[in-house]
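**Student:**
Structure follows, in structure tokens:
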């Protein structure tokens, strides 16, 4: 089986951003930001807009009477958090220890590849093992803005599409059924997420900001979860069912759910004081 799709999105930043870009007296919006904003947007219904298309492809085929293999590829875009665009745009006195919005920000783009195998054991059990990799481009970070190279001491920090991030992982899912009343599901996943910065504000925690295309050393990101798991069960009885427990007849037409979920916290590096 082959699936293909395209998703198109259009986004209007709004009058507030357009007025700020047009106001050349604002010191924290550089000419380069204004030029990139106009280059990345187009006029639609009287306002500047930005649009993109995200393709999705999926392929699956039978590898045997009770097994199948699947592969998928997709591109996704996430619009910037509003504060990354609009923060302090009207401020006329830049200060070093502030983060200013950037009207020229682009969406973060994710390229996701996933593949796996699904096995059936009879009609009551299904096992799915999948591996994935997600690469995030134009990851939003903070960078130093130096409008005049001859005065490097006069700078401030602004949001920018500078960083990269990568997520890799594996997930095992087991779905089971006991008779017609009980259905269970269990999931166990392992992941590793690396990048240059977890948040743009990391620049204020003593972490260097990237300049130009110079790559920084990758680190474990704050939202990296090494493992997570879940277990759920559902008992369901229809209007014609009257289950019996310890010889006692129960009422009909009811449903009972149980779920358990757990995940690891933030990764850490052990340290021993000698």
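Numbering (my numbering), first residue to last: 1147 to 1420. The C-beta atom is built at its ideal place from N, Cα and C for all residues, glycine as well.
Applying the criterion that 16 or more other CB atoms from any shown protein chain within 10 Å of the CB defines a buried residue, is residue 1302 buried or exposed?
**Tutor:** Flag for residue 1302 reads buried.
**Student:** Whose CA, out of 1208, 1230 and 1202, lies closest to the CA of residue 1263?
**Tutor:** With distances taken between Cα atoms, residue 1263 lies closest to 1208.
**Student:** Helix, strand or coil for residue 1380? Go by DSSP, reduced to three states.
**Tutor:** It is a strand residue.
**Student:** Output the distance between the C-alpha atoms of residue 1177 and residue 1201, rounded to the nearest integer angstrom.
**Tutor:** The straight-line gap from Cα to Cα measures roughly 33 Å.
**Student:** Whole alpha helix (DSSP H) runs in the region 1180-1263 with 4 or more residues, listed along the chain?
**Tutor:** Entirely contained in the region 1180-1263, the alpha helix (DSSP H) runs reaching 4 residues are, in chain order, 1228-1232.
**Student:** Compare the beta carbon distance of residue 1313 and residue 1337 with 8 Å and say whether it is the shorter of the two.
**Tutor:** Cβ atoms of residue 1313 and residue 1337: closer than 8 Å.
**Student:** The beta strand (DSSP E) spanning residue 1287 covers which residue range?
**Tutor:** First-last of the beta strand (DSSP E) with residue 1287: 1271-1291.
**Student:** With distances taken Cα to Cα, identify the nearest neighbour of residue 1254 among 1311, 1165 and 1320.
**Tutor:** The shortest C-alpha separation from residue 1254 is found at 1311.
**Student:** Let me check one thing: in DSSP terms, what residues is residue 1336 bridge-paired to?
**Tutor:** Answer is 1316 and 1373.
**Student:** Is residue 1307 near residue 1235, with beta carbons less than 8 Å apart?
**Tutor:** For residue 1307 and residue 1235, no; Cβs fall outside 8 Å.
**Student:** For residue 1206 and residue 1256, what's the separation of their Cα atoms in angstroms?
**Tutor:** Spanning the two alpha carbons is a distance of roughly 22 Å.
**Student:** Tell me the rounded alpha-carbon separation between residue 1331 and residue 1276.
**Tutor:** In a straight line, the C-alpha of residue 1331 is about 16 Å away from that of residue 1276.
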